[in-house]
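> Just so you know, the sequences run in chain order B and E. Here the first sequence is numbered in the UniProt record's numbering, starting from 1 and rising by one per residue. Here the second sequence is numbered in the UniProt record's numbering, starting from 1 and rising by one per residue. Quick one: the structure is below, questions incoming.
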Amino acid sequence: MEKKRIDDHEPGPVPSPRALDRFGFVKQDVSASDSLVKNRSAFENERIREERRVRKWRKMIGVGGSDWKHYLRRKPHVVERRIRKGIPDCLRGLVWQLISGSRDLLLMNPGVYEQLVIYETSSSELDIIRDISRTFPSHVFFRQRHGPGQRSLYNVLKAYSVFDRNVGYVQGMGFLAGLLLLYMSEEDAFWLLVALLKGAVHAPMEGLYLAGLPLVQQYLSQFEQLVREHLPKLGEHFSQEMINPTMYASQWFITVFSYSFPFHLALRIWDVFLYEGVKIVFKVGLSLLKYCHDDLIKLPFEKLLHALKNFPEDAMDPDTILPLAYSIKISKRLEELTQEYEKKNGKVVQSEELSEKHKFHESKGTET
Amino acid sequence: MATIGHNNLNAKLVLLGDMGAGKSSLVLRFVKGQFLEFQESTIGAAFFSQTLAVNDATVKFEIWDTAGQERYHSLAPMYYRGAAAAIIVYDITSSDSFTRAKKWVQELQKQGNPNMVMALTGNKADLEDKRKVTAEEARVYAEENGLFFMETSAKTAANVNDVFYEIAKRLPRAQPAQKPAGMVLVDRPAEGSRAASCCS
C-alpha cells in the first residue's frame, strides 16, 4: 500500500534459490537435499500423485471456487477426507479462504481493508514495527528489511489492530498473518484473520489475545486434563516433574503451530484447523505426546522441557503424526470440559454476531 | 572441588522486560555464544540452562526467557515465582522500555521471592548514538532499589557473561533448606521510601 523510500534501506542478502527449501525458508542443514537426491524415484511418484490430487481438487472447487459450496453441501465427508490428506499447495490459498468463510467477509465488506490501512491509526503501530523483522526472519519473503513481505505483514497487522482495538496487536498474531500472506494477498489474509478471530465458522479465537489471555488459559487447562485422561502415566510424570502445559504448549494454541514448527507440518495442520476448528490443535498436541510417550516418561524436568520443544524429525512427519491425531477422539470430552471450565470461570468470550458487529469498522468503540 | 554436590547450586532465573529489549538475545549469547540480528519474537516462554563456575562452586542457571509484550503479563508470575534471580532488561535506546523495567522491579519487590537477586540490564549498549537512557539515571535507580546494574550488548557480547557471573556470586550460599521459612534477611534500601509512598 505505501511505497515510500524503500530504496534507502539496505536490502537483506537475498540467498540463492538453492539455499531455500520449497516453501522459501533458508535451509537449516544440507543433509535434507542429499536425501532428496537419493529418493528421486520416490519424489517422482510423489509428483504424479500430487498432480492427480490437484485435478480432483480443481473439479471439486470449480473455477475460482464456484462449485465449492454446492460440493460441500452434498459431500461434506469427502471434503473432510481430502482436506485431512492435505490441500494441494497450489490451491491452498484459495481453499483456505473458502473453508474459513473469509471469502464471504471480503465480498461483504468492499473497501474496508483499504480504509483501515490507509486512513486509520492505532496505538499498536510501534509494537507491530518492533516485531516485523522478527517474524519468520528466515523466510525469503519476510527477511528483506522494508521489503514487500514486511510491508504486507505490517499492513495486515495494523489493519487488524484498528479493526478490533480490544485485541489490537498481540505477539503471535504476526505468525498467523505471515503464514497466510505466503498463500494470499494482504486483503485476503486480513479477512481470514478476521474470520478466525471473530469466529466466522468456528469458535472465535480472539480470546487467545484479549487482556489476560483468557482462552489460552482455558485451552491449556483443558489440554492438561486431556493429557491426564489419555496419557495418565505421562500426566502423572508431568506433575511430578512440575511441568505444566503453559511451559510448552502456549505457543501451539497462540499461533496454531505456526511458530517454531516445521512449516510443512504447520501447513497440513492449518488445512484441517480451518475446516474442523481448534480441536485439531489439541489432537496434534496429544498425538505428539503419545508418539514420544515412552521417551518423555523417562526424562527429568530439564530434558523433558527440551524434548517438548524439540520433537524428533519422525514425529514431525505429517503422514505419521496426523493420522495418529485423527485417531484420537476428543470432541465430546472437549465440549464437556469447556462447559465445566465456563461454569467455574465464566464464559471467556461473549461471541457476538460477526456480521452484525463487523460490517463496518466505524461502529467499533475506540476504548480498550 | 572436594565437596561436589555441596557447592553446586541450581538457580532458577527469569528474564523480564519490554518486547524487543533483547532478552532472548542475551540468553542466546550467554548460553550459545551466538547473536542473531533478527531474533524471532518469543511467544509464550523459552527455557535454557547453563552452568557457571564461580570461585569454588558451580551454579547451574535454569533460565526462563519470557515474552515481553504487556499482554503476556498474566503468564509472568508462573516464571518468576520461586525464582532465585531475575534479570530485568531494557533497551538503552528506548525510554519506554526503561519505564517498563521499573514496573517489573516494583512487581518483583511486591510479589517475588524476597531473597531474589535482581539485576537491571541496559541492553543494546553498542547503539550509543541512539541512546535515550543514560547509564547514570539507571545506576541511581538501581542503587535506590537494591539491584545491581550493568549495560550490556548481546551483539558485541559486552558484559553479558558478567551479568550472569555477578548474579552467581550474589546468590545466597549454602542454603540450609529449600525453603527458609520465615527467615528473611535482605537489606532493601527501597523499603522505607516505598512504605512512605504507599501511605500517602
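Cβ atoms here follow ideal geometry from the backbone N, Cα and C, with glycine treated the same way.
Is the beta carbon of Q171/B less than 8 angstroms from the beta carbon of L337/B?
No, these two residues do not count as a Cβ contact at 8 angstroms.
> Which ranges would you report for the alpha helix (DSSP H) in the region 176-258 of chain B if only whole runs of at least 4 residues count?
Complete alpha helix (DSSP H) runs here, min 4: 186-198, 214-230, 232-240 and 246-255.
> Please work out which residues of its chain come closer than 8 angstroms, Cβ to Cβ, to V31/E, disregarding the five sequence neighbours upstream and downstream, and give them in chain order.
Cβ within range, chain order: F48, S49, Q50 and I63.
> So if I threshold CB-CB distances at 7 angstroms, which residues from the region 122-152 of chain B count as touching chain E?
Within the region 122-152 of chain B, the qualifying residues are D127, R130, D131, S133, R134, T135 and P137.
> Of all the CB atoms in chain E, is at least one closer than 8 angstroms to the CB of M247/B?
It does; some Cβ of chain E falls within 8 angstroms.
> Anyone know if the C-beta pair for G174/B and T121/B falls short of 8 angstroms?
Result no, Cβ atoms of G174/B and T121/B do not sit closer than 8 angstroms.
> What residue does the alpha helix (DSSP H) around E46/B start on, and which one ends it?
E46/B -> alpha helix (DSSP H) spans R40 to I61.
> To the nearest angstrom, how far is the alpha carbon of G17/E from that of I280/B?
Their backbone Cα atoms lie some 33 angstroms apart in a straight line.
> Looking at chain E, is there any beta carbon in it that lies within less than 8 angstroms of the beta carbon of A42/B?
It does not: the Cβ of A42/B has no partner Cβ on chain E nearer than 8 angstroms.
> Enumerate, from N- to C-terminal direction, the unbroken beta strand (DSSP E) stretches of 3 or more residues contained entirely within the region 76-132 of chain B.
Listed in chain order, there is nothing to give.
> Leaving aside the five residues before and after L274/B along the sequence, list all residues of the same chain whose C-beta is less than 7 angstroms from its C-beta, in chain order.
Hits under 7 angstroms: W96, I99 and S100.
> Since D164/B and E206/B are thought to touch, with beta carbons under 8 angstroms apart, how far apart are those beta carbons, to the nearest angstrom?
The Cβ separation is near 7 angstroms, so the contact holds.
> Quick one: grab the DSSP three-state call for H358/B.
Low confidence applies here, because H358/B scores a pLDDT of 48, under 50, leaving its location unreliable; read the following figure in that light. H358/B falls in the coil class under three-state DSSP.
> Would A195/B pass as an interface residue toward chain E - the criterion being a Cβ-Cβ separation below 8 angstroms?
So no, A195/B is outside the interface.
> What three-state label does DSSP hand K169/E in the structure shown?
Three-state DSSP puts K169/E in a helix.
> Check the Cβ of I254/B against every Cβ in chain E and list those closer than 8 angstroms, keeping chain order.
Those are I43 and G44, listed as they occur along chain E.
> Starting from the Cα of T320/B, find the closest Cα among L107/B, N310/B, S287/B and S133/B and give me that residue.
Cα-wise, what sits closest to T320/B is S287/B.
> Report the rounded CA-to-CA distance for W191/B versus Y183/B, giving the unit in angstroms.
Whole-angstrom Cα-Cα distance: 13 angstroms.
> Against Y209/B, what residues of chain E qualify as contacts under a CB-to-CB distance less than 8 angstroms, listed in chain order?
Within 8 angstroms Cβ-Cβ: R71.
> Less than 8 angstroms between the CB atoms is what I'm expecting for G68/E and M118/E, so what's the real figure, rounded?
Incorrect: roughly 17 angstroms between the Cβ atoms, too far for contact.
> Run through the DSSP bridge pairs and tell me what Q339/B is partnered with.
Answer is none; Q339/B lacks a bridge partner.
> Quick check on E151/E: does DSSP put it in helix, strand or coil?
Correct three-state label for E151/E: strand.
> Round the Cβ separation of N159/E and M150/E to the nearest angstrom and send it over; I've been treating them as touching at under 8 angstroms.
Contact holds; Cβ gap of about 5 angstroms.
> Would the region 289-306 of chain B and the region 202-216 of chain B be scored as touching if the rule is three or more Cβ pairs under 8 angstroms?
As far as the Cβ criterion goes, the region 289-306 of chain B does not touch the region 202-216 of chain B, which means the pair count is below three.
> Would S185/B count as contacting chain E if we go by Cβ distances under 8 angstroms?
Cβ-Cβ to chain E under 8 angstroms: no for S185/B.
> Rounding to the nearest angstrom, what Cα-Cα distance links A315/B and Y291/B in this structure?
Taking the straight line joining both Cα atoms gives about 7 angstroms.
> Determine whether the Cβ of L75/E lies closer than 8 angstroms to any Cβ atom of chain B.
By this cut-off, L75/E is an interface position.
> Tell me, please, whether the CB atom of A84/E is closer than 8 angstroms to any CB atom in chain B?
No, because no Cβ of chain B sits closer than 8 angstroms to the Cβ of A84/E.
> Find the nearest neighbour of N7/E within the set F35/E, R29/E and K60/E, judged by alpha-carbon distance.
For N7/E, the nearest C-alpha among the options comes from K60/E.
> Once you ignore the five residues that flank H237/B on each side, which residues in its own chain have a CB closer than 6 angstroms to its CB?
Hits under 6 angstroms: I297.
> Is DSSP giving T58/E helix, strand or coil here?
Strand at T58/E.
> Identify the residues that DSSP records as bridge partners of M118/E: which are they?
M118/E pairs with A86/E.
> Looking at the strands, I want to know which residues DSSP matches up with L304/B.
L304/B is not bridged to any residue.
> Could you give the first and the last residue of the continuous beta strand (DSSP E) run that contains L9/E?
From DSSP, the beta strand (DSSP E) with L9/E extends over N8 to G17.
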